[in-house]
Amino acid sequence: VTTQSLEISIAARASHPTRDALIALIVGNPLLWLVLLITLIGMATSDYYLSAQNLQNLMRSMAVFGLLAMGMTLVLLTGRIDLSVGATMIFSIIAALQLMVLIGDVTHIKMVARGSSFVGPVTPFIALALVVGGFVGLVNGIGIAYGRIAPFIMTLATLTGLRGLNYVLTSGHPYYLQTPGYVWFGDALVFGVPISMLIYAVVFAVLAWVVGQTVIGQRLYAIGGEERTARYAGIPIERWVVLAYVVSGVCAAIAGVLFTARLKSVDAPLAAGYELTAIAIAVIGGTTLSGGRGSPWRTLCGGIVLAAGLNLLTLWGVSSWTQNIVVGIALIAAVALTEATRRRAARP
Amino acid sequence: MRTATGELSRLGLLVLLIGVAAFVSPGFLQADNGRVVLLAVSTVGMMSIGMTLVLLAGDIDLSVGGTAVLATVVGGLLIPTGSPFLTVAATLATGIGVGIVNGVCVALLRVPSLIVTLATLGIARAVGNIVAGGQAIYPNDMPAYLWFGRGSLLGVPVPILLFAAAAAFGIILARFSTFGRMLYATGGNLAAAAYSGIPTTTVRLTVFALSGFFAALAGIMESARLSYINPAGFAGVELTVIAVTILGGASLTGGRGTIEGTLIAALIVGVINNTLNLLGISIYVQQIVTAAVILLIVLPDSFRKGSRA
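Sequence lines, in order, name chains A and B. Residue 213 in the working numbering sits at position 213 of the first sequence; the count goes up by one each step and never skips. To convert, count from 1 in the second sequence and add 1000; that's the working numbering.
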């Protein structure tokens, strides 16, 4: 593959969608039809499905998992994986809290009251959490891109290490985050829409633009599509891989803020296994583990399907164990179908 | 492909660690402690042998924890029959069954093993909990079952014997059998192996079935040792097992690694955790240390190979 044909294929994949293409994108998207189906079944079988309360709950859970999956999507596009998102999500909050306590010791500002209640200023706290999340992503990215450690192993190690650190930093007891400014991120509604959903929408819009319309997205697709070709085309792969991991870390930190603001507390064992749900959302959306295929838009759809489906099962009173079985089967079926259609399409 | 240098450097590290352990903690070299280390690694070590075989074929098995839960619970339901044979046979058969489901989805439906076993991990765990009604099962009335975790033969605890037998089986299979050569070929280059007439589908199905079998056997050992079949057990064990296997030199891209390496890696992790235990260091700090050790060992390897993945 020459550089020129590579550029053309990239341009074709990331080209600006016209209005017709946009309509085709929506009409031709089986996931959206699935959401419609779920909604209709939900309306038919439960009076509660379309209630404001239920939709708000649906959006809140969608936002947290969706943010993890959005960051994951960028990493998956490069053909890599980030298993550390669940641990990073909690670690960024715990580390930011401990950093605030350290700052408080120096500046003589009281940050923690009654041993475990955070009472410090909210803005620097959240800013620190995002920085910590980005830093974890930076470490992952550098280890993988420059240290040449396999992504699975590197992020497995940070997952294990951060889980341990979470316990060590909290001494195994929860911290309460009940400052009004912080709780706002978990509870506030804007015209009836949870603030967490709005934040998720903004992150999605930014990432969809970056991936779909900018050179950054073209580079990510090129790296995931055929890494060696991308390298020969002169793309500094290491830099873009690090960037993808940093975005994933920051997304995880944002998810951590929204999650803990809703719970009004943070505790080391929280969010265990969330990395798997994040991967599931991206993959159900159609993003592949082998890289180069997928988009934030698809991940958004995957997240909506999963959240709506699980919400409906909950309303039906289906146990969370049975829901796990449904998720598992849906995951395998989604990928098996994608593989089958791809093989059929590849046949002459 | 089967170089001895990796094993030798890992063996050197193990000896070094034992030296350090003996130096910082006088209790380490007591005869009884050796048994403690081996007992502690037998469950994870058993699963790691199955995982190594799967990795050699170029796949991965994230479902081992879920498989162990489902298998021990299904076996546990037969405890009221009073037949240890039925109980153990049902447990092992369930483990093999989950493995075959994994293998079919991976080799025939061509779904990436990471996705398949991620899904079956959740499914097996969920089915296990539903079947058990969320309740633990106590095999206290079945001494033959407890023997798998607490018994001993000629003074050697049964879990250690089983672990050793599994390791011997794995070494013979991977190093000295025709199947072993087909396994390395399949993991090295799937398409080339298939064109060479190697039954790659059978090979992949077999390693997943073996991984399920070892996970179920490890499940029996652990449940018998605790005399407690726990539907919430084995949480996160898949990551420890993969960490041990990678530490042992197996590659996620397949075709590279040995059972011997995995064995040494299991002992390395066992010695580290045991030493930290003897020094009274919390399990959470142990997690951090384990993570650091993995990166320290994998980093120079990855530079030598000079490529990603």
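Idealized CB from N, CA, C, for every residue including glycine. Predicted model, so just to flag it, every value in this text is computed and none were measured.
| said: Once the 5 residues before and after Gly359 (chain A) are set aside, which same chain residues still bring their CB inside 8 Å of it? | reply: Not covered by the structure: residue 359 (chain A). The range shown for chain A is 1 to 348.
| Who are the neighbours of Glu226 (chain A) on chain B, taking C-beta pairs under 7 Å? | Here the question's residue 226 (chain A) lines up with position 226 in the first sequence. Per Cβ cutoff of 7 Å: no residues; Glu226 (chain A) is ~14 Å from chain B at best.
| field | Contact under 8 Å by Cβ, Gly1066 (chain B) with Ala1124 (chain B) | value | Counted from its first residue, the second sequence places residue 1066 (chain B) at position 66. Counted from its first residue, the second sequence places residue 1124 (chain B) at position 124. In contact: Gly1066 (chain B) and Ala1124 (chain B) (Cβ atoms closer than 8 Å).
| Backbone CA spacing between Leu58 (chain A) and Phe1163 (chain B) [nearest angstrom] | Along the first sequence, read from residue 1 onward, the residue named residue 58 (chain A) stands at position 58. Along the second sequence, read from residue 1 onward, the residue named residue 1163 (chain B) stands at position 163. Using only the alpha carbons, I get a separation of about 47 Å.
| query | Excluding sequence positions up to five away, which residues of its chain have a Cβ less than 6 Å from the Cβ of Leu99 (chain A)? | reply | Numbered from 1 along the first sequence, position 99 holds the residue referred to as residue 99 (chain A). If we look at Leu99 (chain A) and ignore the five residues flanking it on each side, its Cβ neighbours are Leu128.
| field | Contact belief for Thr1275 (chain B) with Phe1028 (chain B) at Cβ below 8 Å, rounded distance in angstroms | value | Residue 1275 (chain B) sits at position 275 when you count from the first residue of the second sequence. Residue 1028 (chain B) sits at position 28 when you count from the first residue of the second sequence. About 6 Å; that satisfies the 8 Å criterion.
| request: Given a cut-off of 8 Å, decide if Ser1083 (chain B) and Tyr1314 (chain B) are closer than it, judged by their beta-carbon atoms. | output: What is shown of chain B runs 1001 to 1309, which leaves residue 1314 (chain B) out entirely.
| said: Counting C-beta neighbours from all protein chains within 10 Å, is the total for Gly1197 (chain B) 16 or more, i.e. buried, or is it exposed? | reply: Position 197 of the second sequence holds residue 1197 (chain B). Its Cβ having fewer than 16 others within 10 Å, Gly1197 (chain B) is exposed.
| request: Check whether the Cβ of Ser1227 (chain B) lies closer than 7 Å to any heavy atom of the ligand ZN, and answer yes or no. | output: Annotation note on the ligand ZN: not contained in the displayed structure, which lists no ligands.
| said: So, for Ile1111 (chain B): in the same chain, excluding its five sequence neighbours on each side, which residues have a beta-carbon less than 8 Å away from its beta-carbon? | reply: By one-based count along the second sequence, residue 1111 (chain B) stands at place 111. This sequence places Val at residue 1111 (chain B); Ile is not what is there. For Val1111 (chain B), the CB contacts under 8 Å within the same chain, skipping 5 residues up- and downstream, are Cys1105 in chain order.
| request: With 8 Å as the C-beta to C-beta threshold (strictly closer), list the residues of the segment 1022 to 1048 of chain B near chain A in chain order. | output: For the segment 1022 to 1048 of chain B, which is checked against every Cβ of chain A, not one residue is closer than 8 Å.
| query | Around the C-beta of Leu40 (chain A), are 16 or more other C-beta atoms found within 10 angstroms, so that it is buried, or is it exposed? | reply | Position 40 of the first sequence, counted from the start, is the residue given in the question as residue 40 (chain A). Exposed is the call here.
| field | Unbroken stretches of the alpha helix (DSSP H), 4 residues or longer, contained in the segment 201 to 287 of chain A | value | 215 to 225, 227 to 232, 237 to 263 and 274 to 285
| task | State yes or no: is the C-beta of Asp82 (chain A) within less than 8 Å of the C-beta of Tyr245 (chain A)? | result | As a working mapping, residue 82 (chain A) is identified with position 82 in the first sequence. As a working mapping, residue 245 (chain A) is identified with position 245 in the first sequence. Yes.
| Three-way DSSP call (helix, strand, coil) for Pro194 (chain A) in this model | Translated into the one-based positions of the first sequence, residue 194 (chain A) becomes position 194. Three-state DSSP puts Pro194 (chain A) in a strand.
| query | Where does Pro194 (chain A) land, buried or exposed, given buried means 16+ other C-beta within 10 angstroms? | reply | Your numbering for residue 194 (chain A) matches position 194 in the first sequence. With 16 or more Cβ atoms within 10 Å of its Cβ, Pro194 (chain A) is classed as buried.
| task | Determine, using beta carbons only, whether Met70 (chain A) and Phe185 (chain A) come nearer to each other than 8 Å. | result | Working through the first sequence from its first residue, we reach residue 70 (chain A) at position 70. Working through the first sequence from its first residue, we reach residue 185 (chain A) at position 185. Against a cut-off of 8 Å, the Cβ pair of Phe185 (chain A) and Met70 (chain A) comes out as no contact.
| Are there 16 or more other CB atoms within 10 angstroms of the CB of Thr2 (chain A), so buried, or fewer, so exposed? | Position 2 of the first sequence, counting from 1, holds the residue named residue 2 (chain A). Only weak support is given to the placement of Thr2 (chain A): the predicted model assigns it a pLDDT of 48, under 50, and the value that follows is read from those uncertain coordinates. Thr2 (chain A) is exposed by the Cβ-count criterion.
| Short check: CB of Leu1146 (chain B) to CB of Leu1153 (chain B), under 8 Å? | As a first step, residue 1146 (chain B) is located in the second sequence; it is residue number 146 there, counting from the start. As a first step, residue 1153 (chain B) is located in the second sequence; it is residue number 153 there, counting from the start. No.
| query | Can you find a C-beta in chain A that's less than 8 Å from the C-beta of Pro1112 (chain B)? | reply | Translated into positions along the second sequence, residue 1112 (chain B) becomes position 112. Yes, contact with chain A.
| task | Kindly list the residues whose CB is nearer than 6 Å to the CB of Ser319 (chain A), restricted to its own chain and excluding five residues on each side of it in sequence; keep chain order. | result | One-based indexing of the first sequence puts residue 319 (chain A) at position 319. Excluding positions up to five away in sequence, the list is empty.
| With a Cβ-Cβ cutoff of 8 Å, do Met111 (chain A) and Ala271 (chain A) count as a contact? | Reading the first sequence from its first residue, position 111 is the one you call residue 111 (chain A). Reading the first sequence from its first residue, position 271 is the one you call residue 271 (chain A). Their beta carbons are not under 8 Å apart, which means Met111 (chain A) does not touch Ala271 (chain A) by this criterion.
| message | Give me the DSSP bridge partner(s) of Pro1157 (chain B). | response | As a working mapping, residue 1157 (chain B) is identified with position 157 in the second sequence. DSSP, once it has assigned bridges, lists B:Ser1152 as partnering Pro1157 (chain B).
| said: Between Thr2 (chain A) and chain B, is any beta-carbon pair separated by less than 8 Å? | reply: The sequence position of residue 2 (chain A) within the first sequence is 2, counting from 1. Low confidence applies to Thr2 (chain A): its pLDDT is 48, below 50, so where it sits in the model is not reliable enough to give any reading.
| Whole-number beta carbon distance between Thr1091 (chain B) and Glu1170 (chain B), since they are thought to touch under 8 Å | The residue you call residue 1170 (chain B) lines up with position 170 of the second sequence. The residue you call residue 1091 (chain B) lines up with position 91 of the second sequence. Position check: residue 1170 (chain B) holds Gly in this sequence, whereas Glu was assumed. Wrong, their Cβ atoms sit about 20 Å apart, outside the cutoff.
| query | Excluding five sequence neighbours on each side, which residues of the same chain lie with their C-beta closer than 7 Å to the C-beta of Leu1190 (chain B)? | reply | Here residue 1190 (chain B) is taken as the residue at index 190 of the second sequence, counted from 1. These residues qualify, in order along the chain: Gly1058 and Thr1200.
| Secondary structure of Ile93 (chain A), DSSP reduced to three states | Within the first sequence, numbered from 1, the residue matching residue 93 (chain A) stands at position 93. Three-state DSSP puts Ile93 (chain A) in a helix.
| field | Assigned exposure category for Ala150 (chain A) - 16 Cβ within 10 Å defines buried | value | Numbered from 1 along the first sequence, position 150 holds the residue referred to as residue 150 (chain A). It counts as buried.
| message | At a CB distance below 9 Å, what residues from the segment 159 to 181 of chain A approach chain B? Give them in sequence order. | response | So the close ones are Leu159, Thr160, Gly161, Leu162, Arg163, Gly164, Leu165, Asn166, Tyr167, Val168 and Gly172.
| query | Leaving out five residues before and five after Leu1279 (chain B) in sequence, what residues of the same chain have Cβ atoms less than 8 Å from its Cβ? | reply | In the second sequence, counting from the first residue as 1, residue 1279 (chain B) sits at position 279. Val1024 and Ser1025.
| task | Just the C-alpha distance for Arg148 (chain A) and Val210 (chain A), rounded to the nearest angstrom, thanks. | result | Counting from one through the first sequence, the residue named residue 148 (chain A) turns up at place 148. Counting from one through the first sequence, the residue named residue 210 (chain A) turns up at place 210. Computed Cα separation, rounded: 26 Å.
| request: Locate the alpha helix (DSSP H) running through Trp297 (chain A), then write down its first and last residues. | output: Position 297 of the first sequence, counting from 1, holds the residue named residue 297 (chain A). From DSSP, the alpha helix (DSSP H) with Trp297 (chain A) extends over Pro296 to Leu315.
| message | Rounded to the nearest angstrom, what separates Ser84 (chain A) and Thr158 (chain A) at their Cα positions? | response | Walking along the first sequence from the start, residue 84 (chain A) turns up at place 84. Walking along the first sequence from the start, residue 158 (chain A) turns up at place 158. Taking the straight line joining both Cα atoms gives about 6 Å.
| field | When B:Ala1136, B:Ile1096, B:Ile1018 and B:Thr1087 are compared against Phe1148 (chain B), the one with the closest alpha-carbon | value | Position 148 of the second sequence, counted from the first residue, corresponds to residue 1148 (chain B). For Phe1148 (chain B), the closest of B:Ala1136, B:Ile1096, B:Ile1018 and B:Thr1087 by C-alpha to C-alpha distance is B:Thr1087.
| message | Against chain B, with Cβ distances strictly below 8 Å, would Leu156 (chain A) count as a contact? | response | On the first sequence, residue 156 (chain A) is found 156 positions in, with the first residue counted as 1. So yes, Leu156 (chain A) belongs to the interface.
| Could you give the distance in angstroms between the alpha-carbon of Gln218 (chain A) and the alpha-carbon of Asn1273 (chain B)? | Walking along the first sequence from the start, residue 218 (chain A) turns up at place 218. Walking along the second sequence from the start, residue 1273 (chain B) turns up at place 273. Roughly 46 Å separates the two Cα atoms.
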